[in-house]
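Student:
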Amino acid sequence: MTQIRTMARKFAHGLAKKVLGWSGALRGGRLACITREHFEPTCGIRTACGRKVLFFTPNLLTRHRAKCMLLKEPETIAWIEGFAASDVLLDVGANVGTYTMFAAARGHRVVAVEPEAGNYCLLNRNIALNGFDSIVEAYCVGLGASEGYFKLHLSTTQIGNSMHQLGAPLDFEGSSFNPAFRQGAVGTTLDSFVHAIGVVPDHIKIDVDGLEAMVLTGGVRLLASRKIKSILVELNDDRADHREAMESLRRFGYAPTLRSAIATEGQFAACSNYVWVLEHT
């Protein structure tokens with residue numbers, strides 16, 4: 397009994413030190429949120445279909461992503477809600493799986509692609525947390541214009557973050573930056589990837605922070621097949637390669653049916669989510 401009391405006191409003392417340490421740097425709601433992260437690191441979001449989607453949230457950023465699932469990009473939510481029941485989604489640049497989980501909660505099969513190791517780990521944890529492993533498969537690979545082994549230039553090592561670049565340390569505007577970390581990564585093309593896994597998606601979401609044009613360049617055979625019903629892709633109107641990607645989509649028979657600006661001012665003012673739909677002739 398004495399030994400148990402001693403262990404309990406040590407635990408309480410250690411916990412008090414942690415809380416006091418946190419309170420020295422953080423106040424109010426942030427302290428409560430930090431405490432919750434350590435003792436209840438999950439977040440559940442109820443969707444319109446009635447399914448509660450669970451996310452493992454080891455930090456403030458991943459918790460924010462979960463909380464904003466239905467709010468951050470309403471156009472993406474509406475796009476997914478318009479899928480036919482049997483439609484398959486390819487999520488390129490899935491991050492920790494925000495939209496992968498939303499689509500899976502609606503019963504869709506999803507193939508998710510995420511090359512960054514920390515995000516890929518959390519993506520799989522979220523798949524397991526929701527019991528979606530029978531309809532969702534995730535691959536730790538980067539899609540681009542060529543195949544091979546590359547450096548993935550990370551903007552930060554924080555799990556849940558983005559703005560990582562495959563191949564060259566160029567940001568979403570095409571300007572060079574100093575990466576916080578360089579991770580080895582396997583890269584392939586959209587055409588090769590779809591052929592290798594044996595799944596032709598009905599819809600593709602592409603959000604890879606500036607590399608969208610390269611992903612589309614690597615998928616010319618798939619686009620020419622006219623099997624893809626729609627593509628949601630983030631494009632930057634100020635970039636020549638992104639404008640050329642738009643012309644390429646038009647040549648393959650796709651028409652933009654929606655353009656939703658990412659921001660009205662600041663560095664992302666020229667970036668928009670476009671939905672391209674295959675025109676039937």
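Counting in the working numbering, the sequence shown runs from 397 upward without gaps. Even glycine gets a Cβ: it sits at the ideal position worked out from N, Cα and C.
Starting from the C-beta of residue 666, find all residues in its chain whose C-beta is less than 6 Å away, skip the five residues before and the five after it, and write them out in chain order.
Tutor: If we look at residue 666 and ignore the five residues flanking it on each side, its Cβ neighbours are 632, 633 and 634.
Student: Terminal residues of the continuous alpha helix (DSSP H) containing residue 531?
Tutor: That residue, residue 531, is in no alpha helix (DSSP H); it is neither H nor E in DSSP.
Student: Look up residue 670 in the DSSP assignment and give the residues it is bridged to.
Tutor: For residue 670, which the question treats as bridged, DSSP gives the partners 629 and 655.
Student: Cβ atoms of residue 443 and residue 452: under 7 Å apart, would you say?
Tutor: Not closer than 7 Å, so no.
Student: The alpha helix (DSSP H) that contains residue 472, what's its start and end?
Tutor: Taken as a continuous stretch (DSSP letters only), the alpha helix (DSSP H) holding residue 472 covers 470-477.
Student: Going by DSSP in three states, residue 593 sits in which element: helix, strand or coil?
Tutor: If DSSP states are grouped into helix, strand and coil, residue 593 belongs with the helices.
Student: Going by DSSP, what residue range makes up the beta strand (DSSP E) through residue 584?
Tutor: Looking at the DSSP string, the run of the beta strand (DSSP E) that includes residue 584 is 577-585.
Student: On the criterion of 16 or more Cβ atoms from any shown chain inside 10 Å, does residue 550 qualify as buried, or is it exposed?
Tutor: Buried.
Student: Spatial neighbours of residue 480 within its chain, please: C-beta separation below 6 Å, excluding the five flanking residues on both sides.
Tutor: There are no such residues.
Student: Beta-carbon within less than 6 Å of residue 459's beta-carbon, same chain only, minus the 5 sequence neighbours each way: which residues are those?
Tutor: For residue 459, where only same-chain residues beyond five positions count, the Cβ hits under 6 Å are 439 and 453.
Student: Can you tell me the Cβ-Cβ gap for residue 624 and residue 674, rounded? I've got them flagged as a contact below 8 Å.
Tutor: With 8 Å as the limit, residue 624 and residue 674 qualify as a contact, their Cβ atoms being about 6 Å apart.
Student: Determine which residues share a DSSP beta bridge with residue 602 and list them.
Tutor: DSSP, once it has assigned bridges, lists 488 and 629 as partnering residue 602.
Student: How far does the alpha helix (DSSP H) with residue 699 in it extend, from its first residue to its last?
Tutor: Lying before the first or after the last residue shown, residue 699 is absent from the chain, which here runs from 397 to 677.
Student: Can you grab the Cα-Cα spacing for the pair residue 520 / residue 566, in whole Å?
Tutor: Each residue's alpha carbon lies about 28 Å from the other.
Student: Of the choices 463, 656 and 486, whose alpha-carbon is the least far from that of residue 587?
Tutor: That would be 486, whose Cα lies nearest to the Cα of residue 587.
Student: Which value, in whole angstroms, describes the spacing of the CA atoms of residue 571 and residue 606?
Tutor: Between residue 571 and residue 606, the C-alpha separation is close to 10 Å.
Student: Do you know offhand how far residue 556's Cα is from residue 638's?
Tutor: Using only the alpha carbons, I get a separation of about 25 Å.
Student: Could you give the DSSP three-state label for residue 443: helix, strand or coil?
Tutor: In this structure, residue 443 counts as coil in the three-state DSSP scheme.
Student: Which residue wins for smallest C-alpha separation from residue 484, given the options 536, 502 and 493?
Tutor: Minimum Cα distance to residue 484 is reached at 502.
Student: Relative to the C-alpha of residue 505, which residue among 482, 600 and 630 is closest?
Tutor: Nearest C-alpha to residue 505: 482.
Student: Secondary structure at residue 451, three-state DSSP: helix, strand or coil?
Tutor: The answer is strand: DSSP assigns residue 451 an E or B state.
Student: Identify whether residue 572 lies in helix, strand or coil by the three-state DSSP scheme.
Tutor: If DSSP states are grouped into helix, strand and coil, residue 572 belongs with the strands.
Student: What would DSSP say about residue 563, mapped onto helix, strand or coil?
Tutor: Coil, per DSSP.
Student: Is the beta carbon of residue 532 closer than 7 Å to that of residue 500?
Tutor: A contact, by the Cβ cut-off of 7 Å.
Student: Go ahead and pull the three-state DSSP assignment for residue 553.
Tutor: Three-state result, residue 553: coil.
Student: Work out the CA separation of residue 494 and residue 651 for me, nearest whole Å.
Tutor: Those two C-alpha atoms are separated by around 26 Å.
Student: Would you kindly report the start and end of the unbroken alpha helix (DSSP H) that includes residue 611?
Tutor: Start and end: 608-613.
Student: If we call anything under 7 Å between Cβ atoms a contact, is residue 628 one with residue 596?
Tutor: No, the pair does not count as a contact, with Cβ atoms beyond the cut-off.
Student: Roughly how many whole angstroms lie between the Cα atoms of residue 530 and residue 522?
Tutor: Cα to Cα, residue 530 sits roughly 13 Å from residue 522.
Student: With DSSP run on the structure shown, which of helix, strand or coil describes residue 616?
Tutor: In the structure shown, residue 616 sits in a helix (DSSP, three-state: H, G or I).
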